[in-house]
Every structure is written in structure tokens, then in C-alpha cells.
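Participant: Mapped onto mature numbering (1 follows the signal peptide of the UniProt record, and there is no 0), the consecutive letters of the sequence shown carry residue numbers -26 to -1, 1 to 284. One structure is given below, represented as C-alpha cells, and several questions about it will come after.
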Amino acid sequence: MKFIPRALAATAIATVMAATAATAFAAGNPTDARELRAQADAQHRAHGSQGLAAPRAAAKKRVETPTFSMTAVDKKSGNLYLYFADRQGGFDKRYDVGVGYDFEAFQGHVDNDKDGYGESTWHVDKSGLLSYTYHVSELTLDTKDIGGGWQIYDKVLFPGNLAGAGEADIIARDKAGVLWLYLGYADGRVTARTKIGGGWGQYTEIAGQGDLDGDGFTDIVARDKAGVLWFYKGSGDRNDPFNQRTRIGGGWNTYNRILSVGDLDNDGRTDLAARGNDGTLWRYSGNGDSADPFDNRVKIGWGYNIYNLI
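Pasting the structure below:
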């Protein structure tokens, strides 16, 4: 367990984290590294939530769309950096967590308390182990193993609450192209998987975090091998969580990574981040229209090809 008073000044937290990070890096301990990552998120949450987590009145319908940090692992060094949303459509200067993080295959934040920030994180390491880092109390972090066997999946996504029960859920695609749903519990455990459907091997990217069209249900997008992006509208039904896909548009093969960390521009709608082959990072702001869910792209950074973006 790690102890971190959320109300401490940023300088004090940074000092504690730096000392602990050196130990975690030297020991190569994934649990310590994950908890340091969670501490960085907690620090940002404690300071950023003052005035930034207010209801987003611009949305057509009030939807609690969270904003999470973007995880960037340096391809050469394996060092972990976090990019926190500036709530104006981009990211603040990168935050050096100071630990190696090249053991992670997939991860996803959890906002079960619906305050707009992630308080817990699921992790899938490269050996296929699913674990969960969470706050035992306001001052205490812990990580527990949920279960192994996740190496059978080539894509694991943590889009939010798909089944309407309140807690975040997980979807995973196996190597045969079948998509599976795991319902999440508040303590990080998951149910046995249920089959969503086959044919998902046609997609080179699947992304989503929260509600795109303002109806209160979690949605996702998927890019096929021809570069066409498709919208899967959430239904809130655990037995059939997505409606029939609709076409958003072509040309998305210009990007080598598409992901969502939630609401980047503080308007209550989830957004997409897309990295071009030249390392330029673009934002596609969600607009609440299920027929055409994104505004025109806006450049928000460059040089991101040095990272694996998890």
C-alpha cells in the first residue's frame, strides 16, 4: 500500500513520489509503478478539480463524461509520462512519473463515483494478468490481482458503463475477432464474459470513453482496414450493448493511433485523440450528433511518435 494525502501541496507530493519512484524503478516492481501512476493522477485531481469539474452546461443533455490522463510510454527508455487535459482541448506539459512502464499492455481508468475524474485503474500486463489499482481510503492506495488469461485478447478497452448498472465495464477482442463483454463491479472484480459478437477482427482500432451522442449511454468507434471509421451507439443493454453500426467517414488510415481519454474540451462530450504518422496529435471534439459525431480536427501537439500511447 502507498499513502498519499490528496490535499498535500504539489511540491510535497512530487518530493515523496520522486523518492518512491527511484525505488520502484530500481526494483522493477509493476505494482509500485502503477501506484505511483495513480498518485500522479490523484495529485492532478486534487488540484485540477477546484473549478474544473463543474457541470458542463454546453452539452445538450447533462452527461457525466470523465476526463482522464493520457498514458505515454517512451519507446526507447520505457519511461512513463502522463499528459493531463488542460480542459481547453489539449494537454498540459508532460508529467514525468519517473518509473519504467514497459510491462503494460492495456489500461483503463474508472470513474465509478461520477465526479469526472478517474479514482481507480484497471491494468492488463503483457503476461495477461488483470489487476486493479484503487483508493482504499482518501489516503491509501492498493493494487490487487483480478485474474489471468487476458493474453488471449489482442485488444482490451475500458469504455465506461456499457450495461447500465453504474459501474465501468470492459470489452475485449480475441484473436478470432470475437468481442466479449465483462461487467465490472465497484471493487474492480469482473463477471464471467459474455459474447457480444464476431467480425471485429476487421478493425485496426477500437476506441471510446463515455458518451458521444448525449443520450447517456457509452459509445465506441472502430476503424476498419480500409480506413473507414464506424460509430457503435451504446444501447445500455448488457445482452446487446451496441446498436447497428453507422458510418462516420473515410480517411482515418492517416492515423497510427486513435484513442479517447474522455472530455478534453470541457463541454460534457467525449472526444477523440488521433496521432498521425508524422507524430502530430489531433483532437476530434464530440458534438452530440450521432449522425456526424465529431467536429473538424484541431491540431493539439506534435512529436508523439516517440511514445506507445496506452
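Beta carbons: idealized from backbone N, C-alpha and C, even for Gly.
In three-state DSSP terms, what is R8?
Facilitator: Correct three-state label for R8: helix.
Participant: Among the residues of its own chain, which have a CB less than 7 Å from the CB of R163, if the five just before and after it don't count?
Facilitator: Within the same chain, R163 has close Cβ partners I120.
Participant: Anyone know if the C-beta pair for I284 and K49 falls short of 8 Å?
Facilitator: The answer is no: Cβ separation not under 8 Å.
Participant: Sort out for me which residues DSSP pairs Q81 with in a bridge.
Facilitator: Q81 is bridged to H97.
Participant: Can you list, in chain order, the residues of its chain whose CB lies under 7 Å from that of A79, leaving out five sequence neighbours each side?
Facilitator: Here the set comprises V98, D99 and K100.
Participant: How big is the Cα-Cα spacing for D60 and S259?
Facilitator: Using only the alpha carbons, I get a separation of about 14 Å.
Participant: With 16 other CB atoms within 10 Å as the buried threshold, where does R257 fall?
Facilitator: By the 10 Å Cβ count, R257 comes out buried.
Participant: Compute the Euclidean distance between the alpha carbons of K129 and F268, then round it to the nearest angstrom.
Facilitator: Approximately 24 Å, taken between the alpha carbons.
Participant: Going along the chain, which residues of its own chain have a beta-carbon closer than 8 Å to the beta-carbon of G201, five neighbours each way excluded?
Facilitator: Only G224, G225, W226, N227 and T228 meet the Cβ criterion.
Participant: Taking 8 Å as the threshold, find out whether the stretch 234 to 244 comes into contact with the stretch 157 to 172 through three or more Cβ pairs.
Facilitator: No, the stretch 234 to 244 does not touch the stretch 157 to 172.
Participant: What's the gap between the Cα of Q111 and the Cα of N135?
Facilitator: Looking at the sequence provided, one finds Ser at residue 111 rather than Gln. Roughly 23 Å between the two C-alpha positions.
Participant: Which residue marks the beginning of the beta strand (DSSP E) containing I232, and which one marks its end?
Facilitator: Y229 to G236 is the extent of the beta strand (DSSP E) around I232.
Participant: Look at the alpha carbon of H83 and the alpha carbon of Y57, and state the distance between them as a whole number of angstroms.
Facilitator: Cα to Cα, the separation comes out at about 14 Å.
Participant: Taking 8 Å as the threshold (C-beta atoms), are N230 and E212 in contact?
Facilitator: Note on residue identity: the sequence assigns Arg, not Glu, to residue 212. No, the Cβ-Cβ distance between R212 and N230 is not below 8 Å.
Participant: Grab me the residues of V(-11)'s own chain with a C-beta within less than 6 Å of its C-beta, minus the 5 sequence neighbours each way, in chain order.
Facilitator: Low confidence applies to V(-11): its pLDDT is 36, below 50, so where it sits in the model is not reliable, and the reading given next is rough at best. For V(-11), where only same-chain residues beyond five positions count, there are no Cβ hits under 6 Å.
Participant: How is G158 classed by DSSP in three states: helix, strand or coil?
Facilitator: In this structure, G158 counts as strand in the three-state DSSP scheme.
Participant: Can you say whether A(-3) is buried or exposed, counting buried as having 16 or more other CB atoms within 10 angstroms of its CB?
Facilitator: Reliability of the predicted coordinates at A(-3) is poor, the pLDDT of 38 falling under 50, and no value is obtained from them.
Participant: Please list the terminal residues of the continuous beta strand (DSSP E) segment that includes K149.
Facilitator: Run containing K149: none; DSSP gives neither H nor E here.
Participant: Whose CA, out of D116, I126, A7 and P40, lies closest to the CA of L103?
Facilitator: The residue with the shortest Cα to Cα distance from L103 is I126.
Participant: Whole angstroms are fine: how far does the CA of A142 sit from the CA of N69?
Facilitator: Before going on, a small fix: residue 69 reads as Tyr here, not Asn. Going from the Cα of Y69 to the Cα of A142 covers about 26 Å.
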